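Chains as they are written, first to last, in UniProt numbering: chain A, 1 to 341; chain B, 1 to 341; chain C, 1 to 341; chain D, 1 to 341.
Protein chains: 4
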Amino acid sequence: MRIGVLTAGGDCPGLNAVIRSVVHRALVEHGDEVIGFEDGFKGLLEGRFRKLDLDAVSGILARGGTILGSARLERARLREACETAKDFSREYGIDALIPIGGEGTLTAARMLSEAGLPVVGVPKTIDNDISSTDRTFGFDTAVGVATEAIDRLKTTAESHQRVMVVEVMGRHAGWIALESGMAGGAHGICLPERAFDPADLVSMVEERFARGKKFAVICVAEGAHPAEGTMDYAKGAIDQFGHERFAGIGTKLAGELERRLGKEARPVILGHVQRGGTPTAYDRVLATRFGWHAVEAAHRGEFGMMTALRGTQITMVPLADAITELKRVPEDRMDEAESVF
Amino acid sequence: MRIGVLTAGGDCPGLNAVIRSVVHRALVEHGDEVIGFEDGFKGLLEGRFRKLDLDAVSGILARGGTILGSARLERARLREACETAKDFSREYGIDALIPIGGEGTLTAARMLSEAGLPVVGVPKTIDNDISSTDRTFGFDTAVGVATEAIDRLKTTAESHQRVMVVEVMGRHAGWIALESGMAGGAHGICLPERAFDPADLVSMVEERFARGKKFAVICVAEGAHPAEGTMDYAKGAIDQFGHERFAGIGTKLAGELERRLGKEARPVILGHVQRGGTPTAYDRVLATRFGWHAVEAAHRGEFGMMTALRGTQITMVPLADAITELKRVPEDRMDEAESVF
Amino acid sequence: MRIGVLTAGGDCPGLNAVIRSVVHRALVEHGDEVIGFEDGFKGLLEGRFRKLDLDAVSGILARGGTILGSARLERARLREACETAKDFSREYGIDALIPIGGEGTLTAARMLSEAGLPVVGVPKTIDNDISSTDRTFGFDTAVGVATEAIDRLKTTAESHQRVMVVEVMGRHAGWIALESGMAGGAHGICLPERAFDPADLVSMVEERFARGKKFAVICVAEGAHPAEGTMDYAKGAIDQFGHERFAGIGTKLAGELERRLGKEARPVILGHVQRGGTPTAYDRVLATRFGWHAVEAAHRGEFGMMTALRGTQITMVPLADAITELKRVPEDRMDEAESVF
Amino acid sequence: MRIGVLTAGGDCPGLNAVIRSVVHRALVEHGDEVIGFEDGFKGLLEGRFRKLDLDAVSGILARGGTILGSARLERARLREACETAKDFSREYGIDALIPIGGEGTLTAARMLSEAGLPVVGVPKTIDNDISSTDRTFGFDTAVGVATEAIDRLKTTAESHQRVMVVEVMGRHAGWIALESGMAGGAHGICLPERAFDPADLVSMVEERFARGKKFAVICVAEGAHPAEGTMDYAKGAIDQFGHERFAGIGTKLAGELERRLGKEARPVILGHVQRGGTPTAYDRVLATRFGWHAVEAAHRGEFGMMTALRGTQITMVPLADAITELKRVPEDRMDEAESVF
């Protein structure tokens, strides 16, 4: 069997572990040939690929990034791309295509599958917001990085008697904020799933100071937002370059809290450090299992499917189901976090 | 409500996170009183306890060990202990007892429950071998420590053209070896669940050397054992102090491989570093959730139960079911690890 | 002997290690009494202190922050404070005062010393910019945190084909940027000591892209600045709250590079994570040695002095010399970093 | 200029950083050509080498091991090797040879230099025992790994009320034990430089238990030894395979303490994890500076010399001086560690 593999979308610790696992399983167990397309679907469309043997994937298990490169494909080009990819796959004799990527990639994967290509998807997002799998690789690493940051900020917040607002990734779903906030013991957690009221955070901080705990750390997802009418700075804050990204909710909220509390409040925007570098053991195991099962699914002819974690098992779910809705943090998980919204 | 909490058995990263979570949830949400018994069931039997308020659990979330101390209780004393504990609980007005511990502790918990005490158990084992929960806290940390060790040993094995045998914890179940071996990319993994043949490991190493990869790392659970008749050193090796613990399977296997391969082979016995220190974010979250749900179960009057992770949810399972059989690594997980047995 | 110890100024990993070391050495070797003033000089002026015995410093070696709390003292109050401190020290019978702090604290220490108090200073700054000591504790930890961030950002920059600008601490001296940039393999390093020209960074990035390395990471000290006339955004950029701190050089430079290169450039502002949390082994050793030698100096009656590292030895230097000039990165160290300025 | 570089001796974090630095400096600044000999002096003698350009050293800064491979050369073959190397170097036009290695390698380097080869040495040892340099790269990483292990073991020792004996590397010099013991807060430190008396360790543990600290961690260098007549197990303990290495001082001492104290004592032998894997930021900076200065020395024609750290500066010292005597832990450093011997 000739298997093509590609990585698409943003960086995510564990991509290399999937690639390595696909190559190991396909070559050692099945005697397959594996080729890797460069820069995601672009490589597929432009015919840029290379053969992946055991040496090509040697030493990459623990390395961040992707040896194949990655690029986002504009949605507009998707339909056209399908035809090209189909032709290409026939020409080169691709018996199975394994795209590793997030929501956009899986949507493309589904279209390719519906167009008749033999596709087995592997889901990837540090945001953990794909609904048909319990967890995705990359998420544990991101939570680990954010938690270590909160650990460090706590001692600083305490010695400076300050409020620290840590902004972590999560535009549409607050999983990273939820779990790193919980793991780091943040005193407040703000998620996109539930609008927060700064007044609640103010009360929490004041209560803490009153009982002698003269600091607080608040963990905010980048997609968190105040309830309507509760915060002046919420809308329209544009930085000096006209870039909205440089003045996110973390910065706004720190400013708001400083103003209301009359105490120093500082934002820390973790940013891209959350999505790069060595994956945790958890992510390496999950990524390796996903790669292994994607190859097995291909050999069983189970196309149009995607690997997923359910409990302790890896199962295959239809690509069609995978991307229908975003997995958001449910109410009961928010309650567990005992957070202030 | 007056809740008593205790930790029993071996050290396990996340114990303090459970204690903190119990206290937070009980005090802040329910206005309960929480007391902590010292040194496990001993403290319960001897009436040694202290009140746990928010200050008592401040700053312990990320700390290894247990602020309550821990001790093993001999099984022989268990039945007698039940009566004492029952009397004691009545006298002190304990409305719910939350023991956090492994198989032995949960067995005791079950006996206490059957004797009429209001018990909610929280499972704990770095070995991950309790069957009614998908995972236990402490396990992720142990796997992380072992994986980092394998990462480091790989570069050394490579530069010395050596075989390294890493012995990790897991007397009856090989979960740590399985996952750290997989995450670290060990070239062979030996588990208690399946007897290994040293000849297979020898072949694997020789194939590696033949294709220019002049090193190998083998990850061995302390409870792994060779198939009958396959290895001379397997039985009866007693060290110079008469302690069997100082000559485990890792050391034996390294000696055997060195003899058979005619190449340097070195054992590294990770030992107790796997069970101490700061828990990973994953373990802190799981431990925190277990504590939270144990308190809720107590308030719902669900006694004789234990917290468990099933998929992404925390559920309650009967203590009676929890400890009937050990959760061992199943065949399909061993296959995924592509290992040599 | 009765020794008073206090910590002043910003958080710095290793403060607790100094306190612990002072207590251990003073109590165990000399049978001294040690008291700790709370919140820096404030505690000294307001008579807030507590006795420090072995239990009080148990378990703090690896913990960030300071168990004594810290506060900055306004310079204006210093002279007045001297008199109060002197009276207080006489009243309470302080035979030696060990203030641990940065430039401001050491200046205060010198004034107290000149006013007749028996002072032995211990220098502290994560910025490593105190001239009379080879290194200060806290610096190694800060460099470690920044290096890990650069490691992670590299894989992300590479997979996104992006320029990343990491802003690290260092307002007046660029040591953290120098060493973390060197350790992380940043492709450009900008320090306060030498004005940079964005055009040089642009050339460097373009050369990298030309030879197929389609990403770059630039490490910028917060106090770095462009040469006059080389960058439009350099002056006067004020964020929407009027806080200059939220629009530092990292953000400005990323904007400038994105505009000039026509490629994505993203700023990552590490901020306070650099100054909190567990100190590295190096910092714990240095801090412990400083504490040990401070006690010895006190017992030898060497007052008005400060501990310092010179080569491998801890020596005592006059407080008067310690703070005359800032230790800035010299030319030859910048050359070693092969950086673009 | 054509520069040859090679790595010899045991694995040491930072080797790749030196290689990368040599290549960067030589190519970018001087337009040199750099070739790397494989497997240490073996590659030089057998003519096995490869050209090193920027791509060849891309991404290796943070990686453990050595991309060039390493091998030990028997002393007996050294003199013969000199002639071969000389001929070879002339034939291939090597204008400067940069061997990176420990005592054995530097001795060889000196012989090659005396035989007329243009040699600039770079010292390497995780043991930190080369006398003419303040520190060597690799040491900080080893201390970091050992310190993290001690951190973890402390919580386990405490929860089990145990004595833990951690054996770290250091056959002839106790630097790793000294600094990791100090950084980890070990309660006893045993070094090769001073024979210890187990009775002192017993007293220390008993005092700790008496004041309620019911655990202890003792850090032992592998080369530490008891004073004559103080410990029965000290001599002649051979394990069941006849390998002395499997029954080091850590294991012996734990057995001895358990017997004398009547309390559980457990050995943990860290072994090879100390010498592999990602170097710390400190080691990367030192290694990078060494490589940079080696190239500069070659261009200045300063042969027969070795790079060395003195205070904050990199200087060149004669190879002849470098290896005359081992740098052992001096008395005053042992005193600082407040340890029990």
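Glycine residues also receive a C-beta, built at the ideal position from the N, C-alpha and C atoms.
Treat the numbers as computed from the prediction; the structure is a model and nothing was measured.
{"Asked": "Residues that D/ILE269 contacts on chain B, provided the C-beta gap is smaller than 7 Å", "Found": "ILE269"}
{"Asked": "CB contact flag (B/SER131, B/GLU325, <7 Å)", "Found": "yes"}
{"Asked": "B/GLU80, buried or exposed, once every other Cβ within 10 Å from all chains shown has been counted against 16", "Found": "exposed"}
{"Asked": "Three-state secondary structure assigned by DSSP to A/GLY242", "Found": "For A/GLY242, the predicted structure reports a pLDDT of 44, less than 50, and the residue's modelled location is therefore unreliable. A value from the coordinates is still provided. In the structure shown, A/GLY242 sits in coil (DSSP, three-state: anything other than H, G, I, E or B)."}
{"Asked": "Own chain partners of A/GLY174 with C-beta closer than 6 Å, once the 5 adjacent residues on each side are dropped", "Found": "LEU191, PRO192, GLU193, ALA221, VAL329"}
{"Asked": "Per DSSP, the bridge partner or partners of A/GLU167", "Found": "A/VAL220, A/ILE269"}
{"Asked": "Where the beta strand (DSSP E) containing D/THR7 begins and where it ends", "Found": "2-7"}
{"Asked": "Option nearest A/GLN313 by Cα separation, candidates B/ASP134, B/HIS30, B/PHE37, B/PRO123", "Found": "B/ASP134"}
{"Asked": "Boundaries (first-last residue) of the beta strand (DSSP E) holding D/LEU261", "Found": "D/LEU261 -> not in any beta strand (DSSP E); alpha helix (DSSP H) instead, spanning 249-261."}
{"Asked": "Distance CB(B/ASP11)-CB(D/SER159) smaller than 7 Å", "Found": "yes"}
{"Asked": "C-alpha distance - D/ILE249 paired with B/SER70, whole-angstrom precision", "Found": "29 Å"}
{"Asked": "Touching by the beta-carbon criterion (3+ pairs, under 8 Å), the stretch 141-148 of chain C and the stretch 271-279 of chain C", "Found": "yes"}
{"Asked": "Where B/SER203 falls, given that 16 or more other Cβ within 10 Å makes a residue buried", "Found": "exposed"}
{"Asked": "Three-state class that DSSP yields for C/ALA177 in the structure shown", "Found": "helix"}
{"Asked": "Cβ of residue 348 of chain D within 7 Å of any chain B Cβ", "Found": "Only positions 1 to 341 of chain D appear in the structure, and residue 348 of chain D is not among them; the question remains open."}
{"Asked": "Presumed contact (8 Å Cβ cut-off) between B/PRO123 and B/THR307, rounded CB distance", "Found": "7 Å"}
{"Asked": "Within 7 Å, strictly: CB atoms of D/ASP197 and D/ALA216", "Found": "no"}
{"Asked": "Bridge-paired residues (DSSP) for A/GLN313", "Found": "A/ARG310"}
{"Asked": "Whole-number beta carbon distance between B/PRO13 and B/PRO279, since they are thought to touch under 8 Å", "Found": "4 Å"}
{"Asked": "Partner residues on chain C for A/LEU97, Cβ-Cβ distance less than 9 Å", "Found": "Simply none; closest approach about 20 Å."}
{"Asked": "Environment of D/TYR282 [buried if 16+ CB atoms lie within 10 Å]", "Found": "buried"}
{"Asked": "C/GLY36 versus C/PHE49 - alpha carbon distance", "Found": "5 Å"}
{"Asked": "Continuous alpha helix (DSSP H) stretch holding A/VAL122: start and end", "Found": "Careful: A/VAL122 lies outside any alpha helix (DSSP H), inside the beta strand (DSSP E) at 120-123."}
{"Asked": "Rounded separation between A/LEU178 and B/VAL285 - CA only", "Found": "9 Å"}
{"Asked": "Helix, strand or coil at B/MET231 according to DSSP, with G and I counted as helix", "Found": "coil"}
{"Asked": "Reference D/ALA322, options D/LEU45, D/THR105, D/ILE67, closest by Cα", "Found": "D/THR105"}
{"Asked": "Environment of A/LEU6 [buried if 16+ CB atoms lie within 10 Å]", "Found": "buried"}
{"Asked": "Contact with chain D by B/ALA149, beta-carbon distance below 7 Å", "Found": "yes"}
{"Asked": "Residue range of the alpha helix (DSSP H) that includes C/HIS154", "Found": "In the sequence under discussion, the amino acid at residue 154 of chain C is Lys, which differs from the His named in the question. C/LYS154 -> alpha helix (DSSP H) spans 139-160."}
{"Asked": "Proximity test, Cβ basis, 7 Å: C/ASP11 and chain A", "Found": "yes"}
{"Asked": "Reference D/ILE150; option with closest CA among C/GLU256, C/LEU61, C/GLY138, C/VAL34", "Found": "C/LEU61"}
{"Asked": "Closer than 7 Å at the beta carbon, the chain D residues around C/GLU336", "Found": "ARG289, TRP292"}
{"Asked": "A/VAL34 - partner residues in DSSP beta bridges", "Found": "A/ILE3"}
{"Asked": "Heavy atom of the ligand MG within 6 Å of D/ALA62 beta-carbon", "Found": "In the structure shown, the ligand MG is absent, as is every other ligand, since no ligand is present at all."}
{"Asked": "C-beta atoms of C/LEU257 and C/VAL163 nearer than 7 Å", "Found": "yes"}
{"Asked": "Sequence-distant residues of its chain with Cβ nearer than 6 Å to residue 396 of chain C (five each side left out)", "Found": "Given a span of 1 to 341 for chain C in the structure shown, any question on residue 396 of chain C remains unanswerable."}
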